[in-house]
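Colleague: Anchor point for the sequence shown: position 146 equals 146 in full-length UniProt numbering, and the numbering is continuous, going up by one each time.
The beta-carbon is built from N, C-alpha and C at its ideal position, and this holds for glycine as well.
Keep in mind that this is a model prediction, so the values were computed, not measured.
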Amino acid sequence: MHDDLPPAPPRPRQRRFGGTAAQIQGSLTFYKAFAFITGIMLLILVAKMIMDYGFGYELYAGGTTADGAENTLGFHPKDSVVDGTGISYWIAVIHGWIYVVYIVAGFRLWYLMNWKVGRLVTIVLGGVVPFLSFVVERKIAREVRVDMESNPEAVRRY
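1. If distances are taken between C-alpha atoms only, which option among T29, V100 and G56 comes closest to D79?
2. Excluding sequence positions up to five away, which residues of its chain have a Cβ less than 6 Å from the Cβ of V101?
3. If we count the other Cβ atoms within 10 Å of its Cβ and call it buried at 16 or more, is L42 buried or exposed?
4. For I123, collect the residues of the same chain with a Cβ closer than 7 Å to its Cβ; drop the 5 residues on either side in sequence, then sort them by chain order.
5. Just to confirm the assignment, what range does the beta strand (DSSP E) spanning G106 have?
6. Would you call F131 buried or exposed, if buried means 16 or more other Cβ atoms sit within 10 Å of its Cβ?
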């Protein structure tokens with residue numbers, strides 16, 4: 001019936017990638033977003049730690065300062081704002097949870113790309129060292145693009 005078609009190429013025993021092109025692209029987008037968010041939150045956390053441990057100031061929302069002024073949002077000496085909420089704690093908590101999502105996003109991308117463990121370690125460290133998440137994100141995104149463009153036959157098809 002289809003005598004004019006060449007025979008199908010042999011299927012590879014094991015695919016280079018662990019997912020479809022759409023899965024990898026979606027995973028990369030999710031990873032890039034959380035790499036950026038994690039990087040921003042890490043910089044905010046570092047600034048908070050410098051103000052807290054270096055200068056003894058805490059970021060407060062609301063309340064009244066020691067001199068009687070109303071506080072909307074600002075850095076003040078620790079325990080000097082009455083009825084205000086210390087935001088420093090929440091910055092650390094939010095960063096921690098965002099970092100967990102970042103790790104999950106990095107793990108999923110690592111898994112779909114079938115990379116070695118060293119690449120996962122690089123991704124994990126990207127969310128711990130200030131500014132490194134921005135550098136690692138660019139490097140990882142470039143590697144994903146290059147790998148997929150140079151191995152189009154290795155992507156899973158469903």
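Modeller: On the basis of the supplied data:
1. For the residues T29, V100 and G56, the minimum Cα distance to D79 belongs to G56.
2. Excluding sequence positions up to five before and after V101, its CB lies within less than 6 Å of the CB of F34, all in the same chain and listed in chain order.
3. By the 10 Å Cβ count, L42 comes out buried.
4. Excluding sequence neighbours, I123 sits near G106, W110, V136 and I140.
5. Boundaries for G106: no beta strand (DSSP E) harbours it, while the alpha helix (DSSP H) harbouring it runs S88 to M113, taken from the DSSP string.
6. So F131 ends up on the exposed side.
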